[in-house]
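Read through the structure below, which is laid out as C-alpha cells, and then see the notes.
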Amino acid sequence: MNDGTIDSVDLDILQLLIEDANRSHKEIGQIVHLTGQAVGARVRKLQDIGIIEGYTVRWNRDKLGQSVQALITIFLTSHHAHQQFRSFVASSDEVIEVYSVSGEGCYWMRVRVASPSDLSAFLEQLLRFANYKVNLTIDQLK
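Right under this line is the structure:
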C-alpha cells in the first residue's frame with residue numbers, strides 16, 4: 093500500500109474528506125467498509141504521496157464583516173512587475189485566491205474586504221503594479 097498507487101477505495105475516502113474533512117476515520121470506515129485504523133493508514137498514504145496537501149476551514153466572512161467580494165482581472169504594467177506583484181499578493185490579507193491565466197489579463201484574483209472604501213484602498217495599492225478590471229459578486233451559487 094505504500095507504493096504510491098491509489099485505488100477506488102482511496103478515491104472514495106478522498107471524496108468523503110472533500111465533502112467534510114471533519115469526518116472521523118471511523119465514520120469514513122463505516123461508509124467504505126474498512127476499520128478506522130485502515131482508513132487512517134490510507135489517509136496518511138494520500139498525504140505522503142501528495143494527493144492530500146492539507147486541510148482547511150470554511151468560514152463565513154460576511155459574519156466577520158468582510159462582505160464585499162470582488163473578482164479582479166489583472167493586467168501587469170510591465171514584464172518586470174511579476175515578482176513585485178507576487179510579493180504584494182503574498183502579503184495581502186484581502187487576497188483569497190490568485191490564478192495565473194492565459195487569455196484576458198495576466199492574473200485573476202478574488203479579494204474580500206469589509207467595505208467599498210476598503211476595496212478602493214486595495215485597488216489603489218494594486219495600481220503600483222497593474223491595471224485591472226473589477227467585478228463585484230452578487231451571490232454565490234456553488
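Counting in our numbering, the sequence shown runs from 93 upward without gaps.
Glycine included, each C-beta is placed from N, C-alpha and C at the ideal position.
Bear in mind the structure is a predicted one, so any value in this text is a computation, not a measurement.
{"query": "When G197, D140, I98, S170 are compared against R220, the one with the closest alpha-carbon", "result": "S170"}
{"query": "Segment contact flag, the segment 102-109 with the segment 125-136, C-beta cutoff 8 angstroms, min 3 pairs", "result": "yes"}
{"query": "Proximity below 8 angstroms, CB of M201 to CB of I230", "result": "no"}
{"query": "Cross-strand partners of R202 (DSSP beta bridge)", "result": "L163, E189"}
{"query": "DSSP state of V149 mapped onto helix, strand, coil", "result": "coil"}
{"query": "Inter-stretch contact (C-beta, 8 angstroms, three-pair minimum) for the segment 139-152 and the segment 179-193", "result": "no"}
{"query": "Cβ pair A213, F177 closer than 8 angstroms", "result": "no"}
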